[in-house]
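All remarks here apply to the structure that follows.
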Amino acid sequence: MKASREDSPASSPRVLYSFPYRIGAQRVCLTAWQQAVWVASAGAKVNVLCGSVSRSLGVDLCVHPTLSCGPVKLPFRVLGRYRTLQLHDWLTARWLDDHHASVDLFHGWPLASLRTMRVARRHGIPCLLERPNAHTEYAFQASADESQLLGLSPPAAHDHTFDRQVLDHEEREYAECDFLLCPSSFVARTFLERSTPASKILRHHYGFDDIRFFPGDQNPESSGLTAIYAGVCEPRKGLHYALKAWLASEAHVGGRFLICGTFVPGYAEKLGSLLSHPSVEVLGHRNDLPEIMRKSDLFILSSLEEGSALVTYEARGCGCVLLVSDASGAPCSHEINALVHPMRSVDCLTSHLNLVHRDRRVLSSLRKTSLIDLKMLTWQAAGITLFEVYRATLASGGASTQLDYSSVTQ
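Here the sequence shown stands for residues 13 to 422, where the numbers follow our numbering.
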């Protein structure tokens, strides 16, 4: 006999966690893995329905692959990405219809949750939708605008290249979910600016693996500063603004700016003279990123659109001081443990670079403060936060509830 949902205490939420990709792989696949593992560790009872599994989620979670059977996986190219995501959603919705009495809350990911949310609502189950990026309309526009400014065409089949079908589908998900899980104030703002009620927005945060990413012995009293950028090199990440600021600042004299990541077609050519400066080193994709971060003083990210860039958590974990834009969603506070500049402001970032170059006491103070609360930024801490969001949502009967994470992230 199935347990009655009414008998399930909010202190131990029973969650259907739906993720349509290969959980435990790279990028958002790793984010989903960390969320599921650590929210279960915090006390949630989690059923994970995922496309396939890259690495085990442990014994505390029930895992149900939707797009694989043993070693055999359904490649996205067979049906196309959009239809494959809809297949996952359809299978997850059927599973929920059969098991609704043992589920208190649904947590889904974009483009693969609409049918499941409709089943959940029919059974009175609150629906939370993950927002790993800004509002999709904002993300499409920011990417297109920056590409146009640089004289580049948006890359075909890119996540941030305009797609009417994708935008229409996601906007239906926004409208029909009960709550949007936003990992940064920046993400929340892009929804508020598009008339999303504040009562529909819940804040949580992401994290970093403190086993891999831990502080080094950076010495800000040394003569030349080392700055690092890591991530895909594309217009919306604002690397061109970071390079202009670096070369306009005094920090480039005797300093090094390391660029870790691969370039989208045409972008490196547009940045040719900036990339060829002797103080700039293009390292390409790296598997030793933690070691490089531990030898760097600064992490620079001048993004125009992010959710909450995981690399900023990792950089802080390795002891880098963040010099980031206000669109990076970085876990930091301006002039307390980081320096935050308005997006596209080369002058402001230049002044920040000059400040930490000229006065290493400022850099040392920012780094010391940045290291104090690293435990609040781990994936374990993120799991506890998400668990509290689940509990608060259920305790309020699915009504809006807000927790204060201002000390953790922008």
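Beta carbons are placed, not taken as given, at the ideal position from N, Cα and C, and that holds for glycine. Because the structure is a prediction, the values reported are computed rather than measured.
| Check | Outcome |
| --- | --- |
| Buried or exposed (CB count within 10 angstroms, at least 16 for buried), GLN177 | exposed |
| Minimum C-alpha distance to LEU383 - residue among ASP116, PHE191, ARG372, PHE226 | PHE226 |
| Beta-carbon gap between HIS217 and ALA394 smaller than 9 Å | yes |
| Of the residues GLU188, LEU295, ASP371, the one placed nearest ARG134, counting alpha carbons only | GLU188 |
| Helix, strand or coil at GLU326 [DSSP, three-state] | helix |
| Inter-residue Cα distance where the pair is ALA105 and ARG224 | 37 Å |
| Residues bridged to THR390 [DSSP beta-bridge criterion] | PHE220 |
| GLY70, DSSP secondary structure in three states | coil |
| Residue environment, VAL265, which counts as buried when at least 16 other CB atoms sit within 10 Å | exposed |
| Supposed close pair THR78, LEU61 - CB separation, criterion 8 Å | 6 Å |
| Three-state class that DSSP yields for LEU295 in the structure shown | coil |
| CYS330 and SER308 closer than 9 Å at C-beta | yes |
| N- and C-terminal bounds of the alpha helix (DSSP H) containing GLY284 | 284-287 |
| Short Cβ contact (9 Å threshold) for PRO122 with LEU141 | yes |
| PHE430 to GLN46 span [Cα, whole Å] | The requested residue 430 does not occur in the structure, where the chain is confined to residues 13 to 422. |
| Straight-line gap, GLU12 to LYS249 (C-alpha atoms, nearest Å) | Outside the displayed span of the chain (13 to 422) sits residue 12, for which this structure offers no information. |
| Cβ contact (3+ pairs, closer than 8 Å) linking the stretch 353-363 and the stretch 305-320 | yes |
| For HIS395, the three-state DSSP class (helix, strand or coil) | Looking at the sequence shown, residue 395 is not His but Gly. Note: GLY395 maps to helix in three-state DSSP. |
| Spatial distance of GLU149 from SER30 (CA atoms) | 23 Å |
| Limits of the beta strand (DSSP E) - the one that ALA242 falls within | 238-242 |
| Under the three-state DSSP convention, the category HIS100 falls into | helix |
| Close-in-space but distant-in-sequence residues of the same chain around TYR417 (CB under 8 Å, 5 per side omitted) | Bear in mind that the predicted position of TYR417 carries a pLDDT of just 45, short of 50, making it unreliable; the figure below should be weighed with that in mind. Result list for TYR417: ARG215, HIS216, HIS217, THR397, in chain order. |
| Residues that DSSP places opposite HIS170 in a beta bridge | Partner(s): none; HIS170 has no beta bridge. |
| Enclosing beta strand (DSSP E) for HIS353 [first to last residue] | 350-353 |
| For PHE88, the three-state DSSP class (helix, strand or coil) | helix |
| Any 3 or more C-beta pairs closer than 8 Å across the stretch 291-308 and the stretch 239-253 | yes |
| Rounded distance between the beta-carbons of CYS139 and ASP190, thought under 8 Å | 5 Å |
| Range covered by the alpha helix (DSSP H) that runs through PHE269 | Element bounds for PHE269: not the alpha helix (DSSP H) but the beta strand (DSSP E), 268-272. |
| LEU161 burial status per 10 Å Cβ neighbour count (16 or more: buried) | exposed |
| Complete runs of the alpha helix (DSSP H) confined to the stretch 127-189 [at least 4 residues] | 148-162, 176-188 |
| For PHE118 and HIS346, the rounded distance between their alpha carbons | 35 Å |
| Sub-9 Å separation of ALA48 and ILE35 beta-carbons | yes |
| Closest Cα partner of LEU164 within the set ASP338, THR96, TYR279 | TYR279 |
| Endpoints, the alpha helix (DSSP H) within which HIS369 is located | 358-370 |
| CYS245 classed as buried or exposed, judged by whether at least 16 other C-beta atoms fall within 10 angstroms | buried |
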